[in-house]
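Below is one structure, written out as structure tokens, with a few remarks after it.
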Amino acid sequence: MTIILTENMINDADVVANSLHEAFTKLLQGPDLKGRRAATLATQLDVGRMTCQRITRLGKQSPGPRLLAELPGVAGLRQFLAAMERTGTPAGELSDARTAVEDFAGFLGSLDITQTAFTSALLLHETGSDPQRLRQQRNQLFEAASMVTGQSADATISMMAIRPNENPGFNFDQIVVRGYAGMRASGSAMPIRLPINMAYSDYRNVTGDEARRQPQELVEAFCSTPLPSIDSRIIKEENLAHIVDPGHIPTGEPFDCFATQHSQWNIKSPHPHKAIWLYIDYPTRHCTFDLHLHHTMEAENVLSGDCHLWGTSLLAPPEDLWMTRFADQISFTRLGAGATCAESAGYARHQELTAHMFEHHGWDAEEFIGFRCEMELPVWRSGMCIILESK
28 MTIILTENMI NDADVVANSL HEAFTKLLQG PDLKGRRAAT LATQLDVGRM TCQRITRLGK
88 QSPGPRLLAE LPGVAGLRQF LAAMERTGTP AGELSDARTA VEDFAGFLGS LDITQTAFTS
148 ALLLHETGSD PQRLRQQRNQ LFEAASMVTG QSADATISMM AIRPNENPGF NFDQIVVRGY
208 AGMRASGSAM PIRLPINMAY SDYRNVTGDE ARRQPQELVE AFCSTPLPSI DSRIIKEENL
268 AHIVDPGHIP TGEPFDCFAT QHSQWNIKSP HPHKAIWLYI DYPTRHCTFD LHLHHTMEAE
328 NVLSGDCHLW GTSLLAPPED LWMTRFADQI SFTRLGAGAT CAESAGYARH QELTAHMFEH
388 HGWDAEEFIG FRCEMELPVW RSGMCIILES K
């Protein structure tokens with residue numbers, strides 16, 4: 028059974044490989060080995076030619092865990108060093124290499140595996156962690172999901188700003204823009220929904236009397252013209268979503284559609300752990316999720332980003348979320364103050380749309396600090412999460 032290598036194991040392998048690379052590179056540059064071909068060394072040292080070939084190639088290789096799979100095994104390395112000492116190399120010049128070889132043996136012993144088993148495990152790790160391969164796998168999922176659902180977007184975009192609310196009955200204010208650029212849908216596809224992000228506090232959904240949502244408004248300056256046909260519908264709660272009927276759009280023709288909304292929250296005794304989620308409702312090539320937090324709130328919280336499987340466990344406390352967390356994670360960055368830092372490679376008008384959100388609702392963007400979750404080809408039906416932990 029192939030062992031699963033953890034990041035700590037990979038880090039340990041890296042340390043061992045670097046020591047071996049440094050010690051044997053030094054020997055290869057010494058007078059006894061420099062410039063010698065593998066065939067010559069095999070005859071000179073009476074060591075197998077393959078062993079000599081793998082050692083002489085070391086000078087052309089980069090250090091790293093992969094080196095442990097390319098070098099001869101522990102027995103071959105020991106034999107090579109013993110032959111060098113037997114043919115006249117002083118033992119002191121071999122001490123670093125011998126220490127590195129014994130560290131290699133100790134590393135394999137700590138995992139209770141052979142070099143061959145380590146090589147197989149390393150290949151499995153590289154296959155599962157290579158960014159390009161992971162991107163290719165997500166692209167395959169995007170293509171398949173787009174075909175099955177009849178829907179896809181070039182960009183899924185969500186941005187919001189939150190500040191304290193001094194009005195009686197509510198303690199938080201939120202403005203938000205949500206929408207899609209380059210959305211495509213077939214005539215038989217399900218209607219496209221423009222939902223606003225879900226908020227959780229104390230591991231429960233903020234709903235009912237705690238959330239007063241104003242009706243959504245289309246951001247017409249950023250929507251395709253002629254405007255898509257929009258129906259306002261009640262989805263679980265009043266004024267929660269706009270619906271775009273694909274039947275009014277030529278099949279496969281891309282369109283842009285964005286809506287904005289103002290909400291007030293009344294969250295009593297907010298828990299130290301708060302989370303805001305963006306669900307990946309439709310297959311999308313690029314997803315950007317921005318949170319602009321009022322500077323007074325930003326000073327009181329530590330923010331982080333995460334990506335999970337969409338399901339009921341979104342309400343679970345942080346210690347339970349490991350069950351749904353994706354290994355290939357999002358990029359989480361601090362944008363800084365104002366709207367000028369909000370450019371995005373996924374949507375050319377992202378900064379302009381951000382500025383419009385603040386201006387439309389009469390908020391001063393310079394009072395807010397922006398944070399961003401971003402991912403290319405996110406897993407369909409996953410959820411991006413920005414987590415606020417009280418300091």
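Numbering (my numbering), first residue to last: 28 to 418. By construction, the Cβ of each residue, glycine as well, lies at the ideal position given by its N, Cα and C atoms.
Distance CB(residue i)-CB(residue j) smaller than 8 Å
{"i": "I307", "j": "V406", "result": "yes"}
{"i": "A50", "j": "L95", "result": "no"}
{"i": "V128", "j": "L108", "result": "yes"}
{"i": "I396", "j": "A369", "result": "no"}
{"i": "R205", "j": "A286", "result": "yes"}
{"i": "L221", "j": "C314", "result": "no"}
{"i": "S409", "j": "L318", "result": "no"}
{"i": "V271", "j": "I223", "result": "no"}
{"i": "H388", "j": "I202", "result": "yes"}
{"i": "N198", "j": "W292", "result": "yes"}
{"i": "G57", "j": "E120", "result": "yes"}
{"i": "A392", "j": "A382", "result": "yes"}
{"i": "H300", "j": "E394", "result": "no"}
{"i": "S358", "j": "M411", "result": "no"}
{"i": "A208", "j": "W390", "result": "no"}
{"i": "Q378", "j": "T360", "result": "no"}
{"i": "Q71", "j": "T114", "result": "yes"}
{"i": "R376", "j": "D181", "result": "no"}
{"i": "G62", "j": "A69", "result": "no"}
{"i": "C400", "j": "I414", "result": "no"}
{"i": "G103", "j": "T126", "result": "no"}
{"i": "D73", "j": "A110", "result": "yes"}
Residues near residue i in its chain [Cβ-Cβ closer than 8 Å; skip 5 each side]
{"i": "E34", "result": "none"}
{"i": "N266", "result": "Annotation note: pLDDT 47 at N266 (below 50); position unreliable, coordinate value reported separately. Contacts found: R240, Q241, P242, Q243, S259 and Q288."}
{"i": "A216", "result": "T176, G177, Q178 and P273"}
{"i": "R64", "result": "T83"}
{"i": "I140", "result": "I30 and A148"}
{"i": "A248", "result": "H383"}
Start and end residues, beta strand (DSSP E) containing residue i
{"i": "L318", "result": "T311 to H321"}
{"i": "K301", "result": "H300 to Y306"}
{"i": "D39", "result": "Note, D39: premise wrong, no beta strand (DSSP E); alpha helix (DSSP H) at E34 to L55."}
{"i": "C284", "result": "F282 to W292"}
{"i": "E416", "result": "S409 to S417"}
{"i": "C334", "result": "N328 to L336"}
{"i": "I219", "result": "I219 to P222"}
Contact set for residue i: own chain, Cβ-Cβ below 6 Å, skip 5 residues either direction
{"i": "R211", "result": "S179, G279 and P281"}
{"i": "G86", "result": "T52 and L55"}
{"i": "R442", "result": "As displayed, the chain neither begins before 28 nor continues past 418, which places residue 442 out of reach and without an answer."}
{"i": "R165", "result": "L404"}
{"i": "L305", "result": "S185, N224, F316 and M411"}
Neighbourhood of residue i by C-beta distance below 7 Å, restricted to the same chain and skipping five residues each side
{"i": "A132", "result": "V101"}
{"i": "E346", "result": "Low local confidence applies: a pLDDT of 48 at E346 is under 50, so the model's placement there is unreliable, with the coordinate-based value given in what follows. Closer than 7 Å at the Cβ level, and outside the excluded window around E346, lies no residue."}
{"i": "L54", "result": "L60 and A124"}
{"i": "K418", "result": "E327, N328 and V329"}
{"i": "R422", "result": "With the chain running from 28 to 418 in the structure shown, residue 422 is simply not present."}
{"i": "F134", "result": "D39, A40 and V43"}
{"i": "E416", "result": "P299, H300, N328 and V329"}
{"i": "C250", "result": "D283, C284 and F285"}
Alpha helix (DSSP H) segment containing residue i, residue limits
{"i": "Q178", "result": "No alpha helix (DSSP H) contains Q178, which is instead part of the beta strand (DSSP E) from Q178 to P191."}
{"i": "E129", "result": "A118 to L138"}
{"i": "L104", "result": "V101 to R113"}
{"i": "M210", "result": "No alpha helix (DSSP H) contains M210, which is instead part of the beta strand (DSSP E) from F199 to A212."}
{"i": "T360", "result": "Looking at the DSSP string, T360 is not in any alpha helix (DSSP H); the run it does join, the beta strand (DSSP E), is S358 to A364."}
{"i": "L72", "result": "A65 to L72"}
{"i": "F385", "result": "H377 to H388"}
{"i": "R352", "result": "No alpha helix (DSSP H) contains R352, which DSSP labels as neither H nor E."}
{"i": "R79", "result": "Contrary to the premise, residue 79 reads as Cys rather than Arg in this sequence. Unbroken alpha helix (DSSP H) run through C79: R76 to T83."}
{"i": "A96", "result": "L94 to E97"}
Bridge-paired residues (DSSP) for residue i
{"i": "M402", "result": "C314"}
{"i": "V246", "result": "In the DSSP output, where bridge partners are listed per residue, V246 has none listed."}
{"i": "F169", "result": "Note: F169 sits in no beta bridge, so no partner."}
{"i": "G279", "result": "Answer is none; G279 lacks a bridge partner."}
{"i": "K396", "result": "In the sequence as presented, Lys is not what sits at residue 396; that position holds Ile. DSSP output for I396 lists L320 and A364 as bridge partner(s)."}
{"i": "R160", "result": "None, per the DSSP bridge assignment."}
{"i": "S371", "result": "Y374"}
Residue i CB to nearest heavy atom of the ligand HEM below 7 Å
{"i": "A382", "result": "Within the structure as shown, the ligand HEM is missing, as the structure has no ligands at all."}
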